[in-house]
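In this text, residue positions in the sequence shown follow full-length UniProt numbering: the first is 1, and each later residue adds one. First up is the structure itself, then whatever we jot down about it.
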Amino acid sequence: MNFPRFSTLPPINENNPLVINPLKRLAYGSIMAGFIITSNITPTKTQIITISPILKTSALLVTILGFIIALELANLTKTQLKTNPNLLTHNFSNILGYFPSIIHRLVPKINLQ
Numbered sequence: 001m002n003f004p005r006f007s008t009l010p011p012i013n014e015n016n017p018l019v020i021n022p023l024k025r026l027a028y029g030s031i032m033a034g035f036i037i038t039s040n041i042t043p044t045k046t047q048i049i050t051i052s053p054i055l056k057t058s059a060l061l062v063t064i065l066g067f068i069i070a071l072e073l074a075n076l077t078k079t080q081l082k083t084n085p086n087l088l089t090h091n092f093s094n095i096l097g098y099f100p101s102i103i104h105r106l107v108p109k110i111n112l113q
């Protein structure tokens, strides 16, 4: 058997205009349809948009406080301490330290002669 004639995972070229243009048209059409629908539907009740300045200020403060806490949590996850104990991936026992290659090649070679 030889090597396959084609790779198992062919590279995907997402910069092809035949792929991008229909998606652009779909996105532009969806945006325009949403704009037309929302501009033609009249609300059944007049909306009351007045809020006291204290409520506006408190909403802004809570939003800013949440943003600051989220940034602090993101910084804490980057600076976490490493786990203890620091586990080594290569030890004497798991890199064939007990079975040197000289013995493993010598015994089969003697048996084959």
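Backbone N, C-alpha and C fix where the C-beta goes; we use that ideal spot for every residue, glycine too. Everything numeric in this text was worked out from a predicted model, so none of it was measured.
In this chain, the alpha helix (DSSP H) harbouring R25 covers 17–40. In the DSSP annotation of this structure, the continuous segment of the alpha helix (DSSP H) that includes L61 starts and ends at 53–78. I12 has its alpha-carbon roughly 36 Å from the corresponding atom of I36.
Distance between K56 and L65, taken at the CA atoms: about 14 Å. Judged by DSSP in its simplified three-state form, P43 adopts coil rather than helix or strand.
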